[in-house]
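Residues 5 to 473, numbered by this note's numbering, are exactly what the sequence shown covers, in order.
Single-structure report; data block below.
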Amino acid sequence: MTTTSSATDAAIEHHLDETRDARIESLKELLRIPSISSLPEHAEDCRATAEWIAADLRRVGIENVAVEETIGNPVVYGDWLHADGAPTVLVYCHYDVQPVDPLDLWDSPPFEPVVVGGNMLARGAADDKGQIHLHLRALEALFTIRGSLPVNVRFVFEGNEESTALPLEGWLETHRERLDADFVVISDTGFFEGNLPAITISLRGMMYAQIDVIGSDLDLHSGSYGGVVDNPANVLTRILTALKGPDGRVLIPGFYDDVVALTDDERSQLDGLPFDEEALRDSIGVPALAGESGFGVLERKGARPTFDINGMWAGFQGTGAKTIIPGHAHAKVSCRLVAAQDPDRVFAALKAFVEEIAPRTVHISVNRIGGGRPHITSVDHPATRAAARALEATFGRAPVYIREGGSIPVCASFAEKLDLPVVLMGFSQPDDHAHAPNEWMDLANYETGIRAVIRMWDEVAALDRASLR
Ligand SMILES: [Zn+2]
5 MTTTSSATDA AIEHHLDETR DARIESLKEL LRIPSISSLP EHAEDCRATA EWIAADLRRV
65 GIENVAVEET IGNPVVYGDW LHADGAPTVL VYCHYDVQPV DPLDLWDSPP FEPVVVGGNM
125 LARGAADDKG QIHLHLRALE ALFTIRGSLP VNVRFVFEGN EESTALPLEG WLETHRERLD
185 ADFVVISDTG FFEGNLPAIT ISLRGMMYAQ IDVIGSDLDL HSGSYGGVVD NPANVLTRIL
245 TALKGPDGRV LIPGFYDDVV ALTDDERSQL DGLPFDEEAL RDSIGVPALA GESGFGVLER
305 KGARPTFDIN GMWAGFQGTG AKTIIPGHAH AKVSCRLVAA QDPDRVFAAL KAFVEEIAPR
365 TVHISVNRIG GGRPHITSVD HPATRAAARA LEATFGRAPV YIREGGSIPV CASFAEKLDL
425 PVVLMGFSQP DDHAHAPNEW MDLANYETGI RAVIRMWDEV AALDRASLR
């Protein structure tokens, strides 16, 4: 473990104490810019946010800072590469935010940040501008007190995370040569229930498809044709039922072939998380939870794949009765995938199975709509362990390891386009209302987060670069 002299730590602490008020004002300034990426009328606000961040990076001492064009909002790039022999970390956050409607559910206007009971209330406070800001303040403290950083850093702050992955993907593709690094830190996640420090070690991937069952060109009279032709809606339900059993097991042949089962250690680690099933059930309002039998809720959500119907339509849906045999029936379906499933292979298996079980009485088509790979970074990766030590030293307890059921597409982009390990170290508290009215950031998390980032860079500086790949 790296030790900076306690005098240095005290100096940094003193600096952070002295600058606290200014820091909160600066955070508010950043949060005031309405950088909503999905609404074209806010494109200039997104650009202004990028410029704000670029100016701040330059001011604290980061070099080669540039606001770079993409097919969407700009990417802010900056680096500092003078820590000879030390690892290079690529840090990613996003400066764009979600839309704010419904406005009447906000306690205060979303772009007029206020501190209420130790929390910063504003759109983007947690997701993700507050997290950009804490990285900037960590840099500022290090440059002010030590005049340098212990590690080499590259920053990629983008402005389309909440709307589309394409601008960043295109930018990464074009600039991959100059993004050489040992690993990536993404600060766009948060802590576990009870505000326990956490590192997200895995995200599920996705395979999305549409199944179309076509009979005749038109709906048919069910008296004249019932018993004579097949019914696409009946056929579709038979197909869908064949894809997943009542025990939650997906029945597509080969579906589980590439699934990496949890080790006993990993399972007991999940079982050890303070998780309240009944509270979850209550918050959703369903009579009972469900899922693949033989696995607990956290394992089902984070480490097991799924098959779900996301939408289906066929035939008559108006009031009263209409006696038809629908001409066609459709379903949108998706699978959440886990390591080491491949969306292409899963789609091919789905398509082959549906075509095999479909009767010859109808036309079937199965088309891919989208998807992405699952992501996992080992708990034992030296960068994960460095993050864990930094969190433990600053938050006073060892982090828990989370397996998220959802996806962060950018994570797969970094892993695939740059072939780099990714550490998901974020600081927002659970229930931060990200994407919802009254988004907030716990300022204690924000403040400790600054210290955790500083300690993380000291920890990383002591790592052997060869051990990181
Ligand atoms: Zn985010």
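Glycine included, C-beta positions come from ideal geometry on N, C-alpha and C.
- Contact check for I16 against I149 passes: the beta carbons are separated by less than 8 Å.
- The residue among S167, D132, I190, C339 with its C-alpha nearest the C-alpha of T388 is I190.
- Residue G163 holds the alpha-carbon nearest to the alpha-carbon of D49 among G163, S206, E116, V239.
- In this structure, D192 has its beta carbon less than 7 Å from a heavy atom of ligand 1.
- DSSP places E67 in the strand class (E or B) of the three-state scheme.
- Beta-bridge analysis with DSSP links Y99 to no other residue.
- In this structure, F115 lies away from G65, with their beta-carbon atoms at least 8 Å apart.
- Unbroken beta strand (DSSP E) stretches of 3 residues or longer found wholly inside the region 272-317: none.
- Beta-bridge partners assigned by DSSP to M445: M124.
- Residue range 236-247 is occupied by the alpha helix (DSSP H) that includes I243.
- With three or more CB-CB distances shorter than 8 Å, the region 328-348 counts as touching the region 236-254.
- Sequence-distant Cβ neighbours of P78 in its own chain, meaning closer than 7 Å and more than five residues away, are R51, A54, V71, E72, G163.
- Listed in chain order, the non-local C-beta contacts of T327 below 6 Å within the same chain comprise S226, local neighbours out to five positions each way being set aside.
- Beta bridge pairing from DSSP links E72 with V79.
- In the DSSP secondary-structure assignment, M210 is bridged to R340, G376.
- For F418, the enclosing alpha helix (DSSP H) covers residues 413-421.
- Our two residues, H179 and V426, have alpha carbons roughly 18 Å apart in a direct line.
- Relative to the non-hydrogen atoms of ligand 1, the Cβ of E162 never comes closer than 7 Å to any of them.
- Straight-line spacing of the CA atoms in A87 and K32 works out to 32 Å.
- Taking 7 Å as the cut-off, one finds at least one heavy atom of ligand 1 near enough to the beta carbon of D132.
- Of the candidates S206, S220, I288, A325, S206 places its Cα closest to the Cα of E270.
- Ligand 1 approaches E165 closely enough that one of its heavy atoms is under 7 Å from the residue's Cβ.
- Take Q433, set aside five residues on each side of it, and the residues of its chain with a beta-carbon closer than 7 Å to its own are G194, F195, N199, D446, N449, in chain order.
- Using a Cβ distance threshold of 8 Å, L85 and T74 do not count as a contacting pair.
- With a 10 Å radius around the Cβ and a threshold of 16 neighbouring Cβ atoms, Q321 comes out exposed.
- Placement of the Cβ of H137 at a distance of 7 Å or more from every heavy atom of ligand 1 is found.
- In the DSSP assignment, I190 falls within the beta strand (DSSP E) that extends over 187-190.
- About 7 Å separates the beta carbon of A126 from that of E443, a gap short enough to meet the 8 Å contact definition.
- Remark: fewer than three beta-carbon pairs, one from each stretch, lie closer than 8 Å, so the region 279-299 and the region 383-398 are not flagged as touching.
- Along the length of the region 123-180, whole alpha helix (DSSP H) runs at least 4 residues long occupy 133-150, 170-179, reported in chain order.
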